[in-house]
Structure formats: structure tokens, C-alpha cells
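In case it helps, our numbering puts the sequence shown at residues 41 to 115. Please read the structure below before turning to the comments.
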Amino acid sequence: MKTIERALEFENRKFSFKTTSDRIIAAREAKDIILEVNELYKKEKDSKLMDLMKRLTVIKQKIEKRLKGRPLTAS
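Here it is as C-alpha cells:
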């Protein structure tokens with residue numbers, strides 16, 4: 041279960057991105073891990089895998105939100 045170990049390690053990693061490049065790499069890594077876990081889920085139909093994918097998706101969305109930045113407000 042190398043994929044699950046990788047996913048849990050990613051989930052427990054402390055995220056302090058210094059550059060935009062770091063955020064992009066992390067978002068891509070999250071996407072890859074989610075897709076791998078999804079393949080396992082298709083075979084096993086284990087609800088724990090679905091929960092793991094949901095948690096990873098939340099992390100990925102937070103990273104992507106930081107990538108997009110704050111919208112400019114009209115004054």
C-alpha cells in the first residue's frame with residue numbers, strides 16, 4: 041500500500057510554501073496522489089479510501105486558492 045502511505049505522508053506534511061513554484065508542485069502532487077487513491081478505490085470500494093480522497097482534495101483546494109491570490113477590490 042505504497043500509495044496510501046504516500047497520501048498519509050502528504051496529508052501530514054507541514055505546508056509552508058516559500059514560492060509560487062512550491063505551491064504549483066504541491067498542487068500537482070496532490071492531484072497525482074488523489075488519482076492514484078481513486079484507482080485503488082475503484083477496485084476495493086473501501087469508504088476509508090473515499091475519506092482520504094476527500095481530505096486530500098480539501099488540502100489541494102487550499103493550495104490552489106493560495107495560487108489564485110486575492111481578488112482586487114474596486115475602490
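Every residue gets a Cβ at the ideal spot worked out from N, C-alpha and C, and that includes glycine.
Cβ neighbours of residue i in the same chain (closer than 7 Å, five flanking residues each side left out)
i    : result
E51  : R95, L96 and I99
E104 : A67
A47  : I73, V77, L92 and L96
A70  : F50, L96, I99, K100 and I103
M90  : Y81
R63  : F57, I103, R106 and L107
P111 : none
Residues near residue i in its chain [Cβ-Cβ closer than 8 Å; skip 5 each side]
i   : result
T60 : L107
**Study point:** Continuous alpha helix (DSSP H) assignments of at least 4 residues falling wholly in the stretch 49 to 111
**Key:** 60 to 84 and 87 to 108
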